[in-house]
Structure formats: structure tokens, C-alpha cells
Amino acid sequence: MAWSRPPVDPQWQPLMQEWRARQLEMAARVVERPLRPLPRLVAGADAALSPDKDWVLAAVVVFDRETRTVVETVHGAAKVEYPYIPGYLGFRESPALLDAFRKVRSPFEVAMFDGMGKAHPRRCGIAVQMGVTLDVPAIGVGKSRLFGTHREPGLEAGAVEPLWDRQDRIGAVLRSKDKVKPLYISVGHKADLETAVELVRACGLGYRLPEPTRLADREAARFKIGWAAPEPA
DNA sequence: GCGACAG
DNA sequence: ATCTTGTCGC
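Here the first sequence is numbered in the numbering used here, starting from 3 and rising by one per residue.
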């Protein structure tokens, strides 16, 4: 049976209330506009947990769409401060991601995150939080749905369906390959849904996930293997 | 009141 | 996210 999910520990309720307010502020700062020409340098970002579960380990891989090569790879880490709570992923993972991004030297034009952007109850998924915080173009590419409703996309690669919240189009559901679970794409910051979907398609190389995110995921996995907690000062 | 619930 | 081998389907 897989029907049970650990309820949210009541001790986090005060923080969640504060987080909700901060999410509304960040969502209000989002700039939605076309991102043209389509970016050449794309920074893919992803996070993993250390073997002992005490650290969030992040990886950012800058991918050059023209040469289809990785031009830079950086890592970041931060102690786990909060549990995973649906709707508040950004507060758990952004510290490690920000630690990694501060080391990036390449002039990437957009950041791609593993998770939601506007496709969130308060329009503030991790891609919005990171995009607004870093003030860079950003989009979210999730592997499953957090929020919103949609029709099932056709089974062929390329099929897309809008993701809705009432009358609002908050994202797109894209079948990146034949008969695989679709991807949930949404705006993070300084980009619009059309260009976000185009970019994901332009970054696909035959795998379900677009290259930037796929490489970052693989890099975060590598990083965790050789991980050793920092020396106390 | 009963589910649903990114990573 | 993470635990985990073989196995069903194209």
C-alpha cells in the first residue's frame, strides 16, 4: 500500500506561514516576456542528498546548445535545514543551489531547474524563487505534477497540452519522447511559456529530460559519491 | 471531511 | 530525493 504520506510536522507551521508570504512577494516580482533569440548557453541545475541525508548537494552544468558540449561544471552544498514539504521545495534546496551558482563564471543566458516555476499554488516554484533571487532568466522543468489540471498529451514525442489553474495557463505538459511520462514546463523569470517550451525542445537529445537538467542530475549524483562533509573551522 | 502533494 | 533486480514492452 502506498496511500500513506507522513503528515507535515506541526513545528513547521509558523515557518510555512512566513514562507507563504515570501512566495507571494517573489511571485509578484516575476517578469514574463519572450526570451529571444533562444539562448545558446543554458545552465542546468539540480540537487541531491548526501548519503547521510545531512546535506543538500547541488550541481550546475552550463551547456552550449551550438556545440552541444558542457562548458562549465560547478558544485554547491548546504546543510539540510527543513524537511521536504510539497509547495516549499525552494526553501529546502535553494541554499545549495545558490552556493553553486555563485561559482559560475560562464555568461549563461537562462537557468533550467528541476521542478516547477509558475506551476505552483502561489506561482512560486523553485524556478521562480531562484530566477528572482539571482535576477536571471529561468524556467522550471518538472518530472511530475505538483499543481494544475491538464488533458493527457498525445503519446507521440512533441505533443503538448496547457497546464491550467482555473482560467490561468500556468504551464505546459510536454511529451518529450514517445510514450514516456510528460514533462511539466513553466515560467521561472524573464521568459514566457512559449520560449520555455521551445528551449526544452531545442535542448533535447533523445532522452526524456533536456540536456542541461539531465547533465546536472548526473553531475549531482557524481558529486554525492565523492562527498565528504567540510572540516569544522 | 477526503484526497493531493515538485524533489 | 532515496531504497533497489529483474523484467515487461517496444
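Glycine included, C-beta positions come from ideal geometry on N, C-alpha and C.
Nothing here was measured: the structure is a model prediction, and the numbers come from that model.
Start-to-end residues for the beta strand (DSSP E) that takes in residue i
i      : result
Lys226 : Here Lys226 belongs to no beta strand (DSSP E); instead the alpha helix (DSSP H) covers 213 to 227.
Ala79  : 71 to 81
Leu43  : 43 to 51
Arg38  : Premise fails: Arg38 is in no beta strand (DSSP E) and is neither H nor E.
Ala231 : Careful: Ala231 lies outside any beta strand (DSSP E) and carries neither H nor E.
Glu207 : Rather than Glu, the amino acid found at residue 207 in this sequence is Leu. Looking at the DSSP string, Leu207 is not in any beta strand (DSSP E), and its letter there is neither H nor E.
Phe65  : 57 to 66
Secondary structure of residue i, DSSP reduced to three states
i      : result
Leu157 : coil
Met28  : helix
Asp194 : coil
Ser188 : strand
Gly144 : strand
Pro123 : coil
Arg168 : coil
Val10  : coil
Glu20  : helix
Val175 : strand
Glu111 : coil
Boundaries (first-last residue) of the alpha helix (DSSP H) holding residue i
i      : result
Met132 : 128 to 136
Leu91  : 91 to 103
With 16 other Cβ atoms within 10 Å as the buried cut-off, status of residue i
i      : result
Val33  : exposed
Ala83  : One point to set straight first is that residue 83 is Glu, not Ala, in the sequence displayed. By the 10 Å Cβ count, Glu83 comes out exposed.
Asp54  : exposed
Glu154 : exposed
Lys192 : buried
Ala47  : buried
Glu233 : exposed
Tyr209 : exposed
Gly150 : buried
Contact belief for residue i with residue j at Cβ below 8 Å, rounded distance in angstroms
i      : j      : result
Phe115 : Gly142 : 5 Å
Gly173 : Lys120 : 6 Å
Val257 : Glu158 : Only positions 3 to 235 of the chain appear in this structure, which leaves residue 257 out of reach.
Arg107 : Glu68  : Actually they are not in contact, since the Cβ atoms of Arg107 and Glu68 sit about 19 Å apart, beyond 8 Å.
Touch test, the segment 116 to 128 against the segment 10 to 20, Cβ-Cβ under 8 Å, three pairs minimum = Between the segment 116 to 128 and the segment 10 to 20, the count of C-beta pairs closer than 8 Å stays below three; the two stretches do not touch.
At a cut of 8 Å, does the segment 179 to 191 reach the segment 98 to 106 through at least three beta carbon pairs?
-> By the Cβ test, the segment 179 to 191 is not in contact with the segment 98 to 106, since fewer than three Cβ pairs between them sit closer than 8 Å.
Three or more C-beta pairs closer than 8 Å, one from the segment 213 to 222 and one from the segment 56 to 63: is that the case here?
-> Short answer: they touch.
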